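Residue numbers (this note's numbering), protein chains in the order written: chain A, 6 to 112; chain B, 34 to 117; chain C, 26 to 357; chain D, -17 to 79. Where a beta carbon is used, it is the ideal one built from N, C-alpha and C, also for glycine. Just so you know, these numbers come straight off a predicted model, no measurement behind them. One structure is given below, encoded as structure tokens.
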Amino acid sequence: MNPATIFGLCAAVLVGLGLFGVIVQPQPLRKLLAFNVLGGGVFLLFGIVARRGEAAGFGADPVPQAMVITGLVVAFAATALAVALLRRLFDETSRATLRPDDDGADS
Amino acid sequence: MAEFLLACAGFILAAVAVGLVRVLRGPADADRMLAAQLLGTGGVAVLLLVAAATGVSAVVDVALTLALVSTFASAAFVATSDGE
Amino acid sequence: MTVAWAVDLGLAALIVAVAVATVTARGTFAAAVGFVACGLLLALAWVQLAAVDVALTEAAIGALTGMLLLGAAAHLHPTEAGMVAERPGVALRGAATLLCAVVTGALAIVVLSLPDPAPSLAPAAAAHLPATELGNPVTAVLMAYRAIDTLVEKVVVLVALLAVWSLAPDPRWGGRPGASRRRQRDDALAFLAQLLPPIGIVAGVYLVWTSADHPGGAFPGSTLLAAMWLLARMAGLVDAPAVSRRWLRIALVAGPVVFLAVGLAGFAWADRFLAYPDGWAKPLILGIEAAMTVSIAVTLAMLVEGPPERSLSPDAQRAAGERSSSGLEPEP
Amino acid sequence: MSFVLDVFTVVAVAAGAFFFVAGTVGLLRFPDSLCRLHALTKADNLGLGLVVLGLLPQVEGALAAGRLIAVWLLAQLAGTTVTQLLARSARRSGPLA
């Protein structure tokens, strides 16, 4: 097994773990954390594609690398927006749940 | 020599990783931050060793970046817990 | 070779272990710290995958993401106790486990059956490198071959900031984001915030400058700049600018505007959008990178700060009013 | 001469690795937060310091050596300050935890 395969399997597990957290964790912030783990796995998959494309004296294919760099920044922006939404929800209702507001009495 | 440096990098990584148990065990939030801080310092050491072992000097820049920002999580933690 | 193999295997196992802890940890704060650790380990993995540019970006962006998530975990802590009741039942958890196992398995099969020899664009990237006068192929992809991606991404990040700002309640619009912080005397944080930024700013500019020929880049460089400002902000040495400030708006759009202008000029001098004239590629790319660095740094810092939370002070409101009469500010 | 330098590197880097282990053991075994902070500083100062010291003969040129020392000084500065901050936070929340 070469490094690309090792980290590729690691990336597959990260995607599965992240997906599991997004489904199972009830708190939106935990879903967000899990989603970022999922994203890390996807980026790592790009990374092994880049590493396998080692050629022309470069240690890795530059095109997937550039895509990951772009993706990292966009992922950060999306996370910042999600956090802002969540904080606003909490400030407004003193709760942070995605459940439909059927029992509005406690808020 | 490269083999030895790389082995040391792996050893240090393993050592500081064991400390991450504190992230789960706590008990105080400061303890969790301590474990992350130790991993940050260990990461800097690992990167410097990898840079020397592989001869890719740009990896030192990653270590420099990490050293600059490794304090961030802790500083943010202290600043938010001060504010609330 | 075997040592490198063992290090890679150990690092991959460690990343998985920390990710498991992040997803399953009982407390949100522990999960957030776990995520910070995970990001750091991923930066090490990028180094092992010979992607130093990505490692730099991951290390720098990871610090900001960590700040954001740790802050949110502390802020939302009061809601945590009530959420335990919302944990899904055994059936759903079992089904989720099954689904995720299938996804992981499928991806693992894909990883193990990737074509050999792998397709690569590296030779094509290398072939045209002399035309861009750059030495770093990743910068060439970001700024020349796929410049349109970078331009669109810049706009996406700006749109995200607009979305964050639009979450402000009406009376707060135009005000300063985040809570006000007062500087404490003899504060260790203030000490750090005075000592670290000069070094961090030099390092950030260095990363942008060196990216022409060596691993670096406008993204990690500007992230470092944003991080240094946020440190001074946390220590209470500076305050966040009101979002209605004209200089702030100009700094935010400078990067995309310069990028777009150079791109449109491509029609005039090379017949195509985002084409650079012969012999001018490098100075133009460095110019775009300089403007982008400013814009990204300001955008990232303001994204961490969040929506405006403090109304304008009376005299600042008056100043904003004068600006709105000049046509920049829409009246509420 | 290069053999002597290599031996120096091996000894210093191994000693540095030892202090990282010491830091982890302290972090896991010490009874309260303030003691654990004490363990952390050993890894920060001595562990990283010895690793950098050991790597100095392996790099070429004063500039590269200067970069290594700069990284160590930065980590020192940041680590020390953060330890101070965390100590204050730990002391405030200590009796409750």
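DSSP places GLU83 (chain C) inside the alpha helix (DSSP H), whose first and last residues are 77 to 100. Taking a Cβ-Cβ cut-off of 8 Å, the neighbours of PHE216 (chain C) in chain D comprise THR63, given in sequence order. Against chain D, the beta carbon of ILE224 (chain C) has neighbours under 7 Å at LEU56, listed in chain order.
GLU334 (chain C): member of the beta strand (DSSP E) spanning 333 to 335, first to last residue. Judged by DSSP in its simplified three-state form, PHE81 (chain A) adopts helix. Residues of chain C with a Cβ closer than 8 Å to the Cβ of GLN66 (chain D) are, in chain order, ALA213. In this structure, the alpha-carbon of VAL263 (chain C) lies about 8 Å from that of TRP254 (chain C).
In the structure shown, the three-state DSSP call for PRO223 (chain C) is helix. Interface flag for GLY88 (chain B) against chain C is unset, since no Cβ pair is found closer than 8 Å. In the structure shown, the three-state DSSP call for PHE12 (chain D) is coil. Where SER205 (chain C) is concerned, there is no enclosing alpha helix (DSSP H), because DSSP gives it neither an H nor an E. Residue burial annotation: THR63 (chain D) is buried, with at least 16 other C-beta atoms found within 10 angstroms of its C-beta.
A check of alpha carbon separations from GLY13 (chain A) across C:VAL41, C:VAL319, C:THR248 and C:GLY199 identifies C:VAL41 as the nearest. The residues LEU32, LEU35 and GLY36, in chain order, have a CB closer than 7 Å to that of ALA(-6) (chain D) in the same chain once the five nearest residues on each side in sequence are set aside. According to the DSSP assignment, ASP33 (chain C) belongs to the alpha helix (DSSP H) that extends over 27 to 49. In this structure, VAL68 (chain A) keeps its C-beta atom at 8 Å or more from the C-beta atom of LEU192 (chain C). A direct Cα-Cα distance of roughly 24 Å separates PRO302 (chain C) from GLU178 (chain C).
For ALA60 (chain A), the secondary structure class from DSSP, reduced to helix, strand or coil, is strand.
Those residues of the stretch 70 to 81 of chain B placed with their C-beta closer than 8 Å to a C-beta in chain C are LEU72, GLY73, GLY76, VAL79 and LEU80, ordered along the chain. Across the stretch 6 to 25 of chain A, CB contacts with chain C closer than 9 Å involve MET6, ASN7, PRO8, ALA9, THR10, ILE11, PHE12, GLY13, LEU14, CYS15, ALA16, ALA17, VAL18, LEU19, VAL20, GLY21, LEU22, GLY23, LEU24 and PHE25, in sequence order along the chain. DSSP places ALA237 (chain C) in no alpha helix (DSSP H); its state is neither H nor E. The CB of GLY35 (chain C) comes closer than 9 Å to the CB of GLY43, LEU46, ALA47 and ALA50 in chain B, given here in chain order.
Judged by DSSP in its simplified three-state form, PHE298 (chain C) adopts coil rather than helix or strand.
The beta carbon of LEU309 (chain C) is closer than 7 Å to those of VAL287 and TYR301 in its chain, skipping five residues each way along the sequence. For ALA165 (chain C), no Cβ of chain B is located within less than 8 Å of the residue's own Cβ. Judged by their CB atoms, VAL111 (chain B) and SER71 (chain D) are nearer to each other than the 8 Å cut-off. Nearest to ASN27 (chain D) by alpha-carbon distance, out of D:ARG73, D:ARG74, D:VAL(-14) and D:PHE0, is D:PHE0. Per the coordinates, the alpha-carbon of LEU99 (chain B) lies some 29 Å from the alpha-carbon of VAL184 (chain C). The three-state reading of DSSP puts GLN40 (chain D) in helix, counting H, G and I together. Boundaries of the alpha helix (DSSP H) harbouring TRP71 (chain C): 53 to 73, taken from the DSSP string. Assignment of ALA260 (chain C) by DSSP, reduced to helix, strand and coil, places it in the coil class. Listed along chain B is no residue with a C-beta nearer than 9 Å to that of ARG11 (chain D); the closest approach is about 11 Å. The alpha-carbon separation between ALA151 (chain C) and TYR170 (chain C) amounts to approximately 11 Å.
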